[in-house]
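In our numbering, the protein residues as written are 1033 to 1171. Since the structure comes first, as structure tokens, the remarks are kept for the end.
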């Protein structure tokens, strides 16, 4: 099993991402559960930079509610592996641009199977959904 740790506003105000990564590694709930990545909201780029310094081997993703024009520079500066955004922000051109730049593209939260199927056709790399009963990895 694996988990990605989201860095949210509350966390950034109360704990440094470096200490979160260190604490998680020291007290993993199970030895087979590994921290696989760190996800930070746009605007918390300092937190993502600290996570990079504390654990450069962990993949990082930048989450944008609205994809900015300078997304490529921001992902490159923080050595991110992926861009994560609202599924309504995505079109085939963005998917192609993100992949051409060498990044993965993840999205949240299409809860309609038709929207999810369209994103799969566009080669989106990962879909986060609340509709796990209707949208399955094998569908």
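We put the beta carbon where it would ideally sit given N, CA and C, even for glycine. Bear in mind that the values here come from a model prediction, so they are computed numbers and not experimental data.
Could you tell me how far apart the beta carbons of residue i and residue j are, in whole angstroms, since I believe they sit closer than 8 Å?
i, j, result
"residue 1159", "residue 1139", "6 Å"
"residue 1119", "residue 1147", "6 Å"
"residue 1132", "residue 1114", "Contact doesn't hold; Cβ gap of about 14 Å is too wide."
"residue 1165", "residue 1127", "With a Cβ gap of about 26 Å, residue 1165 and residue 1127 do not count as contacting."
"residue 1122", "residue 1151", "7 Å"
By DSSP's criteria, residue i is part of a beta bridge. Which residues make up the other side?
i, result
"residue 1119", "Partner(s): none; residue 1119 has no beta bridge."
So residue i is in the beta strand (DSSP E); what residue range does that whole segment cover?
i, result
"residue 1084", "Taken as a continuous stretch (DSSP letters only), residue 1084 belongs to no beta strand (DSSP E), being part of the alpha helix (DSSP H) at 1077-1086."
What residue from the options has the CA that sits closest to residue i's CA?
i, options, result
"residue 1145", "1103, 1129, 1163, 1155", "1163"
"residue 1091", "1108, 1103, 1154, 1124", "1108"
"residue 1112", "1079, 1155, 1152, 1153", "1079"
"residue 1101", "1089, 1081, 1083, 1130", "1130"
"residue 1124", "1136, 1153, 1083, 1106", "1153"
"residue 1157", "1082, 1135, 1089, 1086", "1135"
"residue 1117", "1095, 1169, 1105", "1095"
"residue 1106", "1086, 1151, 1150, 1081", "1081"
"residue 1161", "1149, 1151, 1110, 1142", "1142"
"residue 1086", "1137, 1121, 1110", "1110"
"residue 1103", "1089, 1149, 1077", "1077"
Do we get a CB-CB distance below 8 Å when we pair residue i with the residues of chain B?
i, result
"residue 1088", "The displayed structure is made up of one protein chain only, and chain B is not part of it."
For the stretch 1098-1168, list the alpha helix (DSSP H) runs that are entirely contained and at least 4 residues long, ordered along the chain.
1103-1109, 1124-1132, 1145-1153
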